[in-house]
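Chemist: What follows is a single structure, and I will ask about it in a moment.
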Amino acid sequence: MKKQVLTGIKPTGRIHLGNYIGAIKPALGLAENQSYNTAYFVADYHGLTKIHDPIEMKELSYGVAAAWLALGLNPDSAIFYRQSDVPEIFELSWILSCFAPKGLLNRSHAYKSMVEENKESGRNVDAGVNMGLFTYPILMAADILLFQTELVPVGKDQIQHVEIARDIAESFNNQYGETFVIPEYVIQEETAVLPGLDGRKMSKSYNNTIPLFEEPKKLQKLINKIKTDSSLPEEPKDPDDSIIFGLYKEFATTDQSEKMRRRFQQGIGWGEAKKELFDVMNSFIEVPRSEYEDLLNNWDRLDAILLNGATKARKKTIPFMKEIKRKIGLYH
Ligand code: ADP
Ligand code: TRP
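Using numbering that gives the first Met the number 0, read the sequence shown as starting at 0 and increasing by one per residue.
If you want it as structure tokens, here you go:
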């Protein structure tokens, strides 16, 4: 039996380098490996916890879909769909919510950090918290468990959510017998959390991102904004302690990376290192960027691909949902 791999990205902003390196690149690597079945999706209902403008929702959702495809996802080999087109996920989400202790969700970091922020600014602890945000990890558990997922490639910030999915699956299995596969996360260790322009985690929420498909001039400007220390050009630099080198090696060949590693050790000016980073990134992104732009001008084509993916997904989810409902005693 092939292992099931699944991951999603929520449409809450433009795809940035952190999304690409933390989630999309490893997921694409697994999609090419014949020993896995892969399911990748646009987590639009997760996005709804934050995005309440319909035009923005549309643009961002198609943007995420176009990014996956432009970067090389083949929708004939992976199941590629929009979360909201697979209603079984939401049926399962309710069922799972009846197995999710509230205390577990109180500790979930998205909710907890909002509460902390509210406390710091003297607001009511739950100000701005909708139930979608609070129960976010349950919907994510439904995404994962409905496909009998074994491996979930995500960035480090999502580990806790996968652990919550494991806890919920275990408590369901204890009650009704083996039903759900217990999922595991897959993390890119070397680039666990990519820092953003201000040194915090690169995130749409912090406005500190470098969008992957940024046009060349702006890309160059953003790269120039990456914080560096005040060491002189001739001073040796530790490549493993540098975001510039960390990013460089994601887009360069092994050969190029080795050469750059030596230049860091011998001493390279930050300006020059940034220029080299721009060159290697820009040449990597040139073709996908134009493919991305073409797709973004063709929503009908994206719809056709996503709906076809949802049909394939539901061939799995409809029968499994029936089995789950039978187990909990909804019918014999
Ligand atoms: P954001 O924090 O920008 O809202 P998402 O939460 O939508 O990003 O993340 C989508 C995927 O990209 C997740 O698997 C997440 O772990 C990964 N990811 C996001 N930011 C980073 C980062 N700075 N470094 C590594 N992976 C990241
Ligand atoms: N919560 C993930 C994020 O913010 C997106 C997501 C939703 C997801 N459902 C998922 C990731 C299932 C992996 C598996 O990035």
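Glycine included, every Cβ here is placed at the ideal spot set by N, Cα and C.
Classify E340 as buried or exposed, calling it buried when 16 or more other Cβ atoms lie within 10 Å of its own Cβ.
Modeler: Residue 340 lies beyond the range of the chain shown here (0 to 331); nothing can be said about it.
Chemist: What residue from F212, A30, L196, L145 has the CA that sits closest to E322's CA?
Modeler: Your numbering for residue 322 matches position 323 in the sequence shown. Ranking the options by Cα distance to E322, first place goes to L145.
Chemist: To the nearest angstrom, report how far apart G46 and D228 are at their CA atoms.
Modeler: On the sequence shown, position 47 is the one that residue 46 refers to. On the sequence shown, position 229 is the one that residue 228 refers to. A straight-line Cα-Cα distance of about 36 Å links G46 and D228.
Chemist: Cβ of Q147 within 7 Å of any heavy atom in the ligand TRP?
Modeler: Counting from one through the sequence shown, the residue named residue 147 turns up at place 148. Not under cutoff, so the answer is no.
Chemist: What are the boundary residues of the alpha helix (DSSP H) that Q336 is part of?
Modeler: Any property of residue 336 remains undetermined from this structure, which presents the chain solely from 0 to 331.
Chemist: Might you give, ordered along the chain, the residues of its own chain that have their beta carbon closer than 7 Å to the beta carbon of R13, omitting 5 neighbours on each side?
Modeler: On the sequence shown, position 14 is the one that residue 13 refers to. Only G62, P210 meet the Cβ criterion.
Chemist: Could you give the first and the last residue of the continuous alpha helix (DSSP H) run that contains Y184?
Modeler: For the purposes of this step, residue 184 is taken as residue 185 along the sequence shown, with counting starting at 1. Per DSSP, Y184 belongs to no alpha helix (DSSP H); it is in the beta strand (DSSP E), 183-185.
Chemist: Among the residues of its own chain, which have a CB less than 8 Å from the CB of L196, if the five just before and after it don't count?
Modeler: Here residue 196 is taken as the residue at index 197 of the sequence shown, counted from 1. Result list for L196: N207, T208, I209, L221, K224, I225, K226, in chain order.
Chemist: Three or more beta-carbon pairs under 8 Å between the region 133-145 and the region 160-175, yes or no?
Modeler: yes
Chemist: Following a CB-centred definition, is K9 positioned closer than 7 Å to any heavy atom of the ligand ADP?
Modeler: Within the sequence shown, residue 9 is the residue found at index 10, counting from 1. Yes.
Chemist: Just the Cα atoms here: how many angstroms apart are I333 and Y175?
Modeler: The chain is shown only over 0 to 331; residue 333 falls outside these bounds and no answer can be derived.
Chemist: Considering N223, what are the terminal residues of the alpha helix (DSSP H) in which it resides?
Modeler: Residue mapping note: residue 223 aligns to position 224 of the sequence shown, counting from 1. Looking at the DSSP string, the run of the alpha helix (DSSP H) that includes N223 is 215-224.
Chemist: With a Cβ-Cβ cutoff of 8 Å, do F250 and M201 count as a contact?
Modeler: By 1-based counting over the sequence shown, the position of residue 250 is 251. By 1-based counting over the sequence shown, the position of residue 201 is 202. No, the Cβ-Cβ distance between F250 and M201 is not below 8 Å.
Chemist: Among T253, R300, L305, I242, which one has its Cα closest to the Cα of F277?
Modeler: Along the sequence shown, read from residue 1 onward, the residue named residue 277 stands at position 278. Closest option to F277, Cα to Cα, is I242.
Chemist: Is there at least one non-hydrogen atom of the ligand ADP closer than 7 Å to the beta-carbon of N18?
Modeler: Residue mapping note: residue 18 aligns to position 19 of the sequence shown, counting from 1. Checking every heavy atom of the ligand ADP against the Cβ of N18, one is found closer than 7 Å.
Chemist: From this set, Y35, K57, D43, which residue's C-alpha is nearest W298's C-alpha?
Modeler: Sequence index remark: in the sequence shown, residue 298 carries index 299 (1-based). That would be K57, whose Cα lies nearest to the Cα of W298.
Chemist: Can you give me the Cβ contacts of P152 inside the same chain, cut-off strictly under 7 Å, excluding the 5 residues immediately before and after it?
Modeler: As a first step, residue 152 must be located in the sequence shown, where it is residue number 153. So the list reads V4, T6, A22, P25, A26, L29, V185, once near-sequence residues are dropped.
Chemist: Please list, in chain order, all residues of the same chain as Q147 whose beta carbon is under 6 Å from its beta carbon, the five residues on each side excluded.
Modeler: To locate residue 147, count along the sequence shown from 1; it is residue 148. In chain order, Q3, V180 place their CB closer than 6 Å to the CB of Q147, counting only its own chain and leaving out the 5 sequence neighbours on each side.
Chemist: For the ligand ADP, is there any heavy atom lying closer than 7 Å to the beta carbon of H160?
Modeler: The count along the sequence shown starts at 1 and reaches residue 160 at position 161. No - the ligand ADP has no heavy atom lying nearer than 7 Å to the Cβ of H160.
Chemist: In whole angstroms, give me the CA-to-CA distance for A109 and Q157.
Modeler: Taking the sequence shown and counting its residues from 1, the one referred to as residue 109 is at position 110. Taking the sequence shown and counting its residues from 1, the one referred to as residue 157 is at position 158. Rounded to whole angstroms, A109 to Q157 spans 10 Å at the Cα level.
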